[in-house]
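Sequential numbering of the sequence shown, starting at 1, is according to full-length UniProt numbering. Using N, Cα and C, we set each Cβ at its ideal position, and we do this for glycine too.
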Amino acid sequence: MSDSLGDGQGDPGPVQARLYERWAEGGVAASIIGEVQGDPFAAEKPGNLVLHDGSDGGKLGALTNRATQDGAHLWAQLGHAGAMAHPPISRPRGPSALNLPGLACEALSLSDIAALPTAFARTAARAVSAGFTGVQIHAAHGFLLSQFLSPLFNKRGDAYGGTLTNRMRLLMDVVSAVREAVGPDLPVALKLNATDQLQGGFAETEALEVIGALSGSGLDLIDISGGTYFPGAPSASDRTTPAPYFLAFAAVARQRTDVPLMITGGIKTKADAAQALAGGAVDAVGLARSLIIDPALPRTWRRGGNDPAFPRFSNPPEGGITAWYTMRLTALAEDNDAAAPLSMEEAVAAYDARDERRVSLWQQRFGGPD
């Protein structure tokens, strides 16, 4: 999850470590901290972490030390928002130029693309130095590597566009470079869409081909998700297929690869998790909103406790549910989750106001994009 708890200047915020400490105490095997950037001008939000030469080692060390208590792992999700980079602090660029309602970006040059595997590898190496116990390459949800895979957003006519082999070229190069950078023993995972859920976009048949091509790539885990955060597009949580999402896809993918598989999405009960694992299609399950409702959920389930009780929202605005859960993450980090939750309107207002305040902090630290 993108917790949005950075300090607005690329370093961990004052309560961020407590969030991951709580999940470690609650029994998670690994927490994956969303959208850890190497390039401050490719950030999704001003609450992202940025690993660069000027990162605060003390703050990062406190985060990784507290998050890895009781044998838990903390993996850095290596991100690049691409076309969805936040314009006030970033320079939106993707495989092809876009000029859509709510979304515009420039096209990356060939030299820009050629530099990306090394950039991802450098960020991965910095994550290891900061004490992260693994990394996950983010190639899902409409961010940069996902954009390259999608024929809807990748209209290039060179070696990085057109055929699926070309569209997956950058991803394959990034996986190779990251593995080489961190050595053979550190876990390297990949987050990949089963489908963008967009007509003309990245579909399940192509996702299966990508998964097959990744056999032997050095990956330790493929985390299967879906959907995109492009404005107006349905998210994975808007799916109408039965939960857990992507389980049927994973069962087919299992025949294409020897890389361990995980699914994330729609797992809301202990029975959901048990069902996903019992069939042998996946080796692990990813939880997101469930762990916001109960940060000690693994321990709760082991003790025979109740499944989390999810709130219901009537006609939420676009992005409203994400804002509500993000502000609940803040309450967890502040040990204030026993207080009454914010209303949807209050959560959206607080979420937007915090980002607005942090934009100026980000610009003070990194300057403006070129």
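In chain order, what residues of the same chain have a beta carbon less than 6 angstroms from the beta carbon of residue i, not counting five sequence neighbours either side?
i, result
"T240", "Interpretation of T240 is limited by its pLDDT of 48, a score under 50 that renders its predicted location unreliable; no figure is taken from the coordinates."
"residue 373", "As shown, the chain starts at 1 and ends at 370. That puts residue 373 outside it, with no answer to give."
"G34", "M1, S2 and Q77"
"A140", "S146, K191, L192, N193 and S225"
"Q293", "Before going on, a small fix: residue 293 reads as Ile here, not Gln. Closer than 6 angstroms at Cβ, skipping near neighbours: P308."
"E318", "none"
"A17", "A62, L63 and R66"
"V182", "A124 and V128"
"P88", "V359"
"G367", "none"
Between the Cα of residue i and those of the options, spot the shortest distance and give me the residue it belongs to.
i, options, result
"S215", "L190, P231 and T228", "L190"
"E209", "S225, T165 and I33", "T165"
"L170", "G183, P88, N154 and M1", "N154"
"P260", "I224, R91 and F310", "I224"
"A107", "A127, F310 and G157", "G157"
"L287", "L297, L332, R18 and D53", "L297"
"residue 374", "A331, A67 and A81", "This structure cannot settle anything about residue 374, because the visible part of the chain is limited to 1 through 370."
"I113", "P101, A125 and S96", "S96"
"R179", "F230, F120 and S150", "F120"
"E21", "L51, G58 and D70", "D70"
"W362", "S109, G102 and D39", "D39"
"T118", "D185, M344, S176 and L100", "S176"
"V174", "P244, P187 and S217", "S217"
"residue 445", "E345, D53, L277 and L98", "Here the chain covers residues 1 to 370 and nothing more, so residue 445 does not appear."
"P187", "G102, F143, L100 and T133", "T133"
"R93", "D53, E44 and G280", "E44"
"R126", "G280, F230, G54 and G305", "G54"
"D272", "R299, W324, A243 and P295", "A243"
"residue 372", "L198, G142, E206 and F143", "With the chain covering 1 to 370 only, the question about residue 372 has no answer from this structure."
Between residue i and the rest of its own chain, which residues show a CB-CB distance below 7 angstroms, the 5 nearest in sequence each way excluded?
i, result
"M327", "L342, A347, A350 and Y351"
"K270", "W301 and D307"
"R358", "G8, P46 and G47"
"R365", "Q9 and G10"
"A159", "N166 and R169"
"P32", "Here residue 32 turns out to be Ile, not Pro, going by the sequence shown. Closer than 7 angstroms at the Cβ level, and outside the excluded window around I32, lie W75, Q77 and Q136."
"residue 380", "There is no way to answer for residue 380, as the model of the chain reaches only from 1 to 370."
"R354", "none"
"L19", "D3, L5, L329, L332 and A333"
"D283", "P260, L261 and M262"
"P369", "F41, S90 and R91"
Considering only DSSP beta bridges, list what residue i is partnered with.
i, result
"P188", "Inspection of the sequence shows that residue 188 is occupied by Val rather than by Pro. In DSSP, V188 forms a bridge with V135."
"I263", "I224 and V285"
"G6", "P12"
"L49", "V36"
"N193", "S225"
For residue i, report the span of its beta strand (DSSP E) as first-last.
i, result
"G34", "A30 to Q37"
Output the boundary residues of the alpha helix (DSSP H) element that contains residue i.
i, result
"K270", "K270 to A278"
"P298", "L297 to R302"
"M327", "G320 to A333"
"N166", "L164 to R167"
"L219", "No alpha helix (DSSP H) contains L219, which DSSP labels as neither H nor E."
"Q364", "M344 to F366"
"L149", "L144 to L149"
Suppose the cutoff is 8 angstroms on Cβ atoms and the five residues either side in sequence are ignored; what does the same chain contact list for residue i look like?
i, result
"G201", "S150, P151, L152, F153, T195 and T228"
"I211", "L192, I222, A253, R256, T257 and V259"
"L291", "W23, G26, V28 and L297"
"P316", "W324 and M344"
Let me know the beta strand (DSSP E) ranges lying completely inside the region 53-136, each 3 residues or longer, listed in chain order. 73-79, 98-100 and 103-107
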